[in-house]
Amino acid sequence: MKIGINMVTGGLRQEEAEVQKETIDKQHLTLEEATTEANHLINTTYKFIDEHKEMLSAEEVKATEQIMQQLFNGIVARDKDQILAVTENLDERSRRLAQLVAAH
1441 MKIGINMVTG
1451 GLRQEEAEVQ
1461 KETIDKQHLT
1471 LEEATTEANH
1481 LINTTYKFID
1491 EHKEMLSAEE
1501 VKATEQIMQQ
1511 LFNGIVARDK
1521 DQILAVTENL
1531 DERSRRLAQL
1541 VAAH
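Mind the numbering: the sequence shown is residues 1441 to 1544 in the numbering used here, read in order.
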């Protein structure tokens, strides 16, 4: 009779430890992807505002810059939930700015 010995890592079997590592890696990847998308959206929005600021009110620009700052803060804090939520908010805001410019 052969007796198998489970490798134990921090109280986890080797297989469980590998699954946990893969989950952490996927969460990290998701954070990195969210951060990349957020940075791209911030840069694109800044460029759009700079190119069309004469067609936008100071209030619109200020409100948009505040959202971009919130997003930047989420990136610095590495807060995936904040990044995802504020990215969606900034995306909606950017679309609104584009509609305002298109209406001129």
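The beta-carbon is built from N, C-alpha and C at its ideal position, and this holds for glycine as well. Because the structure is a prediction, the values reported are computed rather than measured.
Report yes if the CB atom of residue 1511 is closer than 7 Å to the CB atom of residue 1482, and no otherwise.
Taking 7 Å as the Cβ cut-off, residue 1511 and residue 1482 qualify as a contacting pair.
According to the neighbour-count rule (16 or more other Cβ atoms, all chains shown, within 10 Å of its Cβ), is residue 1517 buried or exposed?
When all chains shown are included, residue 1517 counts as exposed.
Alpha carbon to alpha carbon, how far is residue 1446 from residue 1454?
Low confidence applies here, because residue 1446 scores a pLDDT of 44, under 50, leaving its location unreliable; read the following figure in that light. Residue 1446 and residue 1454: Cα-Cα distance of roughly 7 Å.
What are the start and end residues of the alpha helix (DSSP H) that includes residue 1505?
Residues 1498-1517.
In terms of alpha-carbon separation, which member of 1535, 1479, 1532 and 1499 lies closest to residue 1509?
Of the candidates 1535, 1479, 1532 and 1499, the one whose C-alpha sits nearest the C-alpha of residue 1509 is 1479.
Would you give the residue range spanned by the alpha helix (DSSP H) that residue 1493 belongs to?
No alpha helix (DSSP H) contains residue 1493, which DSSP labels as neither H nor E.
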